[in-house]
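A.B. asks:
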Amino acid sequence: MKTIFKNINTFLLIAILTAIITSCNDDDSPTATLSFSRSIYILPALGSLDVELRASVAPETDLSVPINIDGTAILNEDYEISAKEFIIKSGETKATVTLTPKNNLTSDREIRLSISPISGYNLGDKNVAIIPVEIKEHIMYSFSTTYSRMLSSVEIRVELQGEISGSKYNAPTAISLPIEIDPSSTAEINTDFEIPNGMAVTIPRGSRQTTFTVKIVDGAEDYAGKEAILKLKVPNNDSELYYAGSFNSHTLKLDQLRFTDMLGKWKPVSITNSETFTIFTDDEDWVGKLPENNNPNDYLEFIHLDDGTDKIIPHLSGDLKNFFGNPQGHKITFDHIQKGITDWATYEEYDVPYFIISQINTNFSSKSVKLDDVFVGLDKIDDNNIIIYFHQYEPTDFLKQAYDKELGNEFDIDIFPSFFGITYTFTRVVE
Numbered sequence: 388m389k390t391i392f393k394n395i396n397t398f399l400l401i402a403i404l405t406a407i408i409t410s411c412n413d414d415d416s417p418t419a420t421l422s423f424s425r426s427i428y429i430l431p432a433l434g435s436l437d438v439e440l441r442a443s444v445a446p447e448t449d450l451s452v453p454i455n456i457d458g459t460a461i462l463n464e465d466y467e468i469s470a471k472e473f474i475i476k477s478g479e480t481k482a483t484v485t486l487t488p489k490n491n492l493t494s495d496r497e498i499r500l501s502i503s504p505i506s507g508y509n510l511g512d513k514n515v516a517i518i519p520v521e522i523k524e525h526i527m528y529s530f531s532t533t534y535s536r537m538l539s540s541v542e543i544r545v546e547l548q549g550e551i552s553g554s555k556y557n558a559p560t561a562i563s564l565p566i567e568i569d570p571s572s573t574a575e576i577n578t579d580f581e582i583p584n585g586m587a588v589t590i591p592r593g594s595r596q597t598t599f600t601v602k603i604v605d606g607a608e609d610y611a612g613k614e615a616i617l618k619l620k621v622p623n624n625d626s627e628l629y630y631a632g633s634f635n636s637h638t639l640k641l642d643q644l645r646f647t648d649m650l651g652k653w654k655p656v657s658i659t660n661s662e663t664f665t666i667f668t669d670d671e672d673w674v675g676k677l678p679e680n681n682n683p684n685d686y687l688e689f690i691h692l693d694d695g696t697d698k699i700i701p702h703l704s705g706d707l708k709n710f711f712g713n714p715q716g717h718k719i720t721f722d723h724i725q726k727g728i729t730d731w732a733t734y735e736e737y738d739v740p741y742f743i744i745s746q747i748n749t750n751f752s753s754k755s756v757k758l759d760d761v762f763v764g765l766d767k768i769d770d771n772n773i774i775i776y777f778h779q780y781e782p783t784d785f786l787k788q789a790y791d792k793e794l795g796n797e798f799d800i801d802i803f804p805s806f807f808g809i810t811y812t813f814t815r816v817v818e
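Written as structure tokens, this is what we have:
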């Protein structure tokens, strides 16, 4: 019997000692953990990303947790990281580091961040963060056209296009493209022409295109016929993202129109902008009514008199005599260049040299005559072809319904040319 009690006592003693030892071991093993707030993040192509580490128990002093950085993405090439350790402040339970995309142009790359156990803390269930890296797209920059003729000033359009997003691309921030003058230019910057807003063009945030102005310098001389070749250069910031498009250069021909450059006899050819009238007017208002019926021998003679007077003398028997009605001639003088007239058939803008011509029949009619001085546009295509823009008249025999409806029979020089102006080509009479 004594032996049985002795064995029981021995067993109880062993059990008590085991419990004490186990309790001591539990006190030595930390119950606090460290864990990322998420296992999966995504580093956006633009902007930045905060990665958060959490402690289940706030430390009594600042706690440094080193970060193991791995993955297929290359540090300081694809991205940057603000620190290589988390610092959890005393009494707090969270800390962050910031990842910022850099030259992240290669697809299918990711970042792997992990942590190791440190004194007083075990690892939680989220001890690794996987971060796929979104790629930036390459951006093409380009002029919208390669050539402009400049009589006084011109607006030049510049645009961006995403390699992936195409024409849907919008600049996340303002993007500045430097402008360079090609050394082969015959026109000189600030002598013959100028760029008022400086040698860079800025695409505003949220857009993909803009325009900038180039103008002939006030008082410039002997610039007619010279050319300025403008080139776009890669932006200074994030230059590796950008590449030049097909229209990386734009040639500006500086020009000057003088009446004496067009002396001679000019035969009417055709109206070239009648498509505009199909957009804004009914057929019955203009089809078969435009001043297109001219006789084979009709022509206008441009002359310069010894007293310095310029005149257009009509030799007409067709429809154009309803405008140019004085067989003795109409005095004409240059007035100004009208800018930004819209051709609705092509949705392009153009500038026209405006002259004042005297005692024209402003009704452009065989039945109704009203004489007045009006604006008429002249432009030279080449030595053998010119354009006359009939941009001021009172529609009477044609386009009258639309004119009365849209303008209320009140002429407006800023509106009328785009909707009711007639573009008429003439060719030189060879004698």
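Taking the working numbering, the leading residue of the sequence shown gets 388, the next gets one more, and so forth. In this text, a Cβ means the ideal position worked out from N, Cα and C, and glycines have one as well. Values in this document were obtained by computation on a predicted structure and should not be read as measured data.
With DSSP as the reference, label Gln725 as helix, strand or coil.
C.D. replies: strand
A.B. asks: Enumerate, from N- to C-terminal direction, the unbroken beta strand (DSSP E) stretches of 3 or more residues contained entirely within the segment 478-524.
C.D. replies: 481-488, 497-501 and 515-519
A.B. asks: At which residues does the alpha helix (DSSP H) containing Pro804 begin and terminate?
C.D. replies: Phe803 to Phe807
A.B. asks: Give a yes or no on contact between the segment 650-665 and the segment 557-571, applying the rule of three or more CB pairs nearer than 8 Å.
C.D. replies: no
A.B. asks: Between Ile498 and Leu430, which are expected to be in contact by the criterion C-beta below 8 Å, what is the C-beta distance as a whole number of angstroms?
C.D. replies: 7 Å
A.B. asks: Alpha carbon to alpha carbon, how far is Lys652 from Tyr790?
C.D. replies: 32 Å
A.B. asks: How should Val588 be labelled, buried or exposed, when 16 other C-beta atoms within 10 angstroms of its C-beta is the threshold for buried?
C.D. replies: Val588 is buried by the Cβ-count criterion.
A.B. asks: Ala470: which of Val452, Glu479, Glu464 and Val515 sits nearest, CA to CA?
C.D. replies: Val452
A.B. asks: Does the count of Cβ pairs from the segment 642-651 and the segment 579-599 closer than 8 Å reach three?
C.D. replies: no
A.B. asks: Could you name the residues that DSSP lists as bridge partners for Gly764?
C.D. replies: Gly764 is bridged to Tyr741 and Tyr776.
A.B. asks: Can you name, in chain order, every residue of its own chain whose Cβ lies under 7 Å from the Cβ of Thr420, other than the five neighbours on each side?
C.D. replies: Ser443, Tyr508, Asn509, Leu510 and Gly511
A.B. asks: Specify the secondary structure class of Lys652 as computed by DSSP and reduced to three states.
C.D. replies: strand
A.B. asks: Is the beta carbon of Val761 closer than 8 Å to that of Gln779?
C.D. replies: Against a cut-off of 8 Å, the Cβ pair of Val761 and Gln779 comes out as a contact.
A.B. asks: Would Glu524 and Ser563 qualify as a contact pair, given that the criterion is a beta-carbon distance under 8 Å?
C.D. replies: no
A.B. asks: Who are the near neighbours of Asp799 in its chain, counting only those whose CB is closer than 7 Å to its CB and skipping five residues on each side?
C.D. replies: none
A.B. asks: Where Asp801 and Asp722 are concerned, what is the direct C-alpha to C-alpha distance, given to the nearest angstrom?
C.D. replies: For the pair Asp801 and Asp722, the Cα-to-Cα distance works out to about 15 Å.
A.B. asks: Got a sec? Which residues, its chain only, sit under 8 Å from Asp759 by beta carbon, not counting five neighbours each side?
C.D. replies: Gln746, Ile747 and Thr749
A.B. asks: In the DSSP assignment, what are the bridge partners of Ser540?
C.D. replies: BP columns for Ser540 point to Lys602.
A.B. asks: Within this structure, are the beta carbons of Asp685 and Leu707 separated by less than 8 Å?
C.D. replies: yes
A.B. asks: For Ala460, count neighbouring Cβ atoms within 10 angstroms of its own Cβ and tell me buried if that reaches 16, exposed if not.
C.D. replies: Buried, since its Cβ has 16 or more Cβ neighbours within 10 Å.
A.B. asks: Take every Cβ of the segment 672-691, pair it with every Cβ of the segment 615-634, and state whether three or more of those distances are shorter than 8 Å.
C.D. replies: The count of Cβ pairs closer than 8 Å, one atom from the segment 672-691 and one from the segment 615-634, stays below three, leaving the stretches out of contact.
A.B. asks: Could you give the distance in angstroms between the alpha-carbon of Tyr534 and the alpha-carbon of Thr597?
C.D. replies: 17 Å
A.B. asks: Is DSSP giving Ser422 helix, strand or coil here?
C.D. replies: strand
A.B. asks: Does DSSP put Thr665 in a helix, in a strand, or in coil?
C.D. replies: helix
A.B. asks: How do the segment 734-743 and the segment 764-782 stand: do at least 3 beta-carbon pairs fall below 8 Å, yes or no?
C.D. replies: Put simply, the segment 734-743 touches the segment 764-782. At least three CB pairs are less than 8 Å apart.
A.B. asks: By Cβ distance, which residues of its chain are closer than 6 Å to Leu486, with the 5 residues on each side in sequence left out?
C.D. replies: Leu430, Leu436, Tyr466 and Ile468
A.B. asks: Taking Cβ positions, are Glu479 and Ala432 nearer each other than 8 Å?
C.D. replies: no
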